[in-house]
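Asker:
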Amino acid sequence: MALGLAGVFPPIPTPFDAGGAVDARALVANLQHWNRFALRGYVVLGTNGEAALLDLEERAHVLEVARDGIPDDRLLIAGTGCQSTRATIELTARASRLGADAALVLTPSYYRAQMTRDVFRCHYHAVADASKIPVLIYNMPACTGIDLDIETIAAIAGHTNIVGIKDSGGDVTKLGAITQRLGEAFTVLAGSGGFFLPALSVGAAGGVLALANIAPRECLEIQERFLAGDRVGASELQLRMIPLNAAVTSRWGVPGLKKAMDLLGLYGGPVRPPLAGLADAHVAELRQILEKAGLAEWPGEEGGHHERA
């Protein structure tokens with residue numbers, strides 16, 4: 048596939064300043080740190096980017112800043128899913144004009160009872176018809192309440208401009224069935240670090256992993272060891288990452304991820320209401336989880352962002 052989606056993508060958080068505005072300088076600084084690693088690219092305006100809480104102009108601003116801070120050899124995948132097909136098409140077009148390499152389209156879910164297989168197929172095909180950049184399906188049942196089945200995914204994937212899926216459902220058996228049915232031309236990306244290695248073992252090409260924001264080296268190493276045939280080493284590292292991954296996803300979500308970034312010397316900063324920051328009572332526990340995972344603050348000058356030794 049020309050786009051080359053194999054690899055690790057952090058779904059990066061959107062930094063806000065103390066007043067609640069998008070903090071462009073912090074985003075640039077975080078990207079400078081992440082660019083030190085051999086990441087395939089970044090997902091911008093995903094779930095961890097609090098995209099649902101940003102207005103359209105803020106989304107455009109984040110994309111502009113991110114594109115400037117992402118090297119040309121790294122992909123920028125923009126989250127462009129909206130509740131209406133029309134709005135999704137418009138945001139995808141804007142993301143394309145701002146330099147996004149692909150669009151990640153979350154399933155519309157507000158009228159959940161009416162979201163049939165045919166409705167999803169028509170929605171995604173309309174977006175793909177109008178888009179100048181490739182489209183990926185985003186299956187996120189924890190947030191949408193909808194878990195796309197294999198038949199629906201296959202129906203959507205019939206469009207030539209729909210090139211893959213980020214699946215955060217965690218059903219590894221389904222991921223394997225998707226790769227077997229749709230072949231190498233359709234890229235499957237694991238949607239969580241908690242099942243990254245199992246997903247790779249059934250044919251996933253990589254992952255969009257919240258964990259990669261705070262443990263990029265470890266996520267890359269899991270895939271490197273897997274590809275090198277070191278299944279034991281990959282498994283040991285995967286198991287070590289599971290408690291940390293849970294802390295910044297299913298357990299504490301975006302507040303936990305942003306606090307972990309702060310603890311590691313990156314800029315996490317505040318979340319946007321109605322989200323609430325991680326309670327003080329949990330911060331010490333999060334620090335212990337980071338330490339058990341083998342992570343500690345990157346050393347360097349004050350305000351710097353440096354790779355761990």
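Here the numbering used here is used: the first residue of the sequence shown is 48, the next is one more, and so on.
Heads up, the beta-carbon is just placed ideally off N, CA and C, and yes, glycines get one too.
No experiment lies behind these values; they were computed from the predicted model shown.
1. Ser131 and Ala150: beta carbons closer than 8 Å?
2. By alpha-carbon positions, which one of Ser248, Val255, Ala173 ends up nearest to Ile212?
3. Is the CB-CB distance between Ala173 and Val182 below 8 Å?
4. Please say whether Asp70 and Val60 have beta carbons closer to each other than 8 Å?
5. Answer with yes or no whether the minimum CB distance from Phe233 to chain B is below 8 Å.
6. Enumerate, from N- to C-terminal direction, the unbroken beta strand (DSSP E) stretches of 3 or more residues contained entirely within the segment 163 to 240.
7. Report the three-state DSSP secondary structure of Gly254 (helix, strand or coil).
8. Please work out which residues of its chain come closer than 6 Å, Cβ to Cβ, to Leu291, disregarding the five sequence neighbours upstream and downstream, and give them in chain order.
9. Are Ile203 and Arg228 close, meaning C-beta to C-beta below 8 Å?
10. DSSP has Phe63 in a bridge; who is on the other side?
11. What is the rounded straight-line gap between the Cα of Val318 and the Cα of Pro58?
12. Rounded to whole angstroms, what's the CA-CA distance from Leu313 to Gln161? Just pull it up for me.
13. Going straight from the alpha carbon of Gly230 to that of Ala237, what length do you get?
14. Is Met48 helix, strand or coil by DSSP?
15. Counting along the chain, where does the beta strand (DSSP E) carrying Ala150 start and finish?
16. If you check the beta carbons only, do Gly315 and Ala326 fall under 8 Å apart?
17. Classify Tyr171: buried if its beta carbon has 16 or more other beta carbons within 10 angstroms, exposed otherwise.
18. If you measure between the beta carbons of Val210 and Phe233, is that distance less than 8 Å?
19. What residues are listed by DSSP as bridge partners for Ile289?
20. I'd like to confirm the pairing. Which residues does DSSP put opposite Gly146 in its beta bridges?
21. Quick one: grab the DSSP three-state call for Ala323.
22. Could you have a look at Val318 and say whether DSSP puts it in helix, strand or coil?
23. With burial defined as no fewer than 16 other Cβ atoms inside 10 Å of the residue's Cβ, what is the status of Ser297: buried or exposed?
24. From the DSSP secondary-structure annotation, give me the bridge partner or partners of Tyr89.
25. Could you check the C-alpha separation between Val112 and Val75 for me, to the nearest Å?
26. Please classify Val279 as buried or exposed, where buried requires at least 16 neighbouring CB atoms within 10 angstroms.
27. Among the residues of its own chain, which have a CB less than 6 Å from the CB of His329, if the five just before and after it don't count?
28. Could you give the first and the last residue of the continuous alpha helix (DSSP H) run that contains Phe273?
Answerer: On the basis of the supplied data:
1. 8 Å or more divides the Cβ of Ser131 from the Cβ of Ala150.
2. Out of Ser248, Val255, Ala173, the CA that lies nearest to the CA of Ile212 is found in Val255.
3. Going by beta carbons, Ala173 and Val182 fall outside the 8 Å limit.
4. Note that residue 60 is Pro in the sequence shown, not Val. Not a contact, by the Cβ cut-off of 8 Å.
5. The chain inventory of the structure shown lacks chain B, comprising one protein chain alone.
6. Fully enclosed beta strand (DSSP E) runs of 3 or longer: 182 to 186, 209 to 214, 234 to 237.
7. Residue state, collapsed to three classes: strand.
8. The beta carbon of Leu291 lies closer than 6 Å to those of Ile336, Ala340 in the same chain, with the five residues before and after it left out.
9. When the beta-carbon positions are compared, Ile203 and Arg228 stay at least 8 Å from each other.
10. Beta-bridge partners assigned by DSSP to Phe63: Val69.
11. Spanning the alpha carbons of Val318 and Pro58 requires a straight line of approximately 15 Å.
12. So the two alpha carbons sit approximately 42 Å from each other.
13. Looking at the two C-alpha atoms, the distance is approximately 16 Å.
14. With a pLDDT of only 44 at Met48, under the threshold of 50, the placement of this residue in the model should not be trusted; the figure read from the coordinates follows. In this structure, Met48 counts as coil in the three-state DSSP scheme.
15. Its beta strand (DSSP E) spans residues 149 to 153.
16. No, the pair does not count as a contact, with Cβ atoms beyond the cut-off.
17. By the 10 Å Cβ count, Tyr171 comes out buried.
18. Yes, Cβ-Cβ distance for Val210 and Phe233 is below 8 Å.
19. Its beta-bridge partners do not exist; DSSP assigns none.
20. Gly146 has no beta-bridge partner at all, per DSSP.
21. In the structure shown, Ala323 sits in coil (DSSP, three-state: anything other than H, G, I, E or B).
22. It is coil, neither helix nor strand.
23. Result: exposed.
24. The bridge partners DSSP lists for Tyr89 are Leu123.
25. Separation of Val112 and Val75 (C-alpha to C-alpha, rounded to the nearest whole angstrom) is 7 Å.
26. Around the CB of Val279, fewer than 16 other CB atoms lie within 10 Å, so the residue is classed as exposed.
27. Correct list: empty, nothing qualifies.
28. Note, Phe273: alpha helix (DSSP H), 263 to 274.
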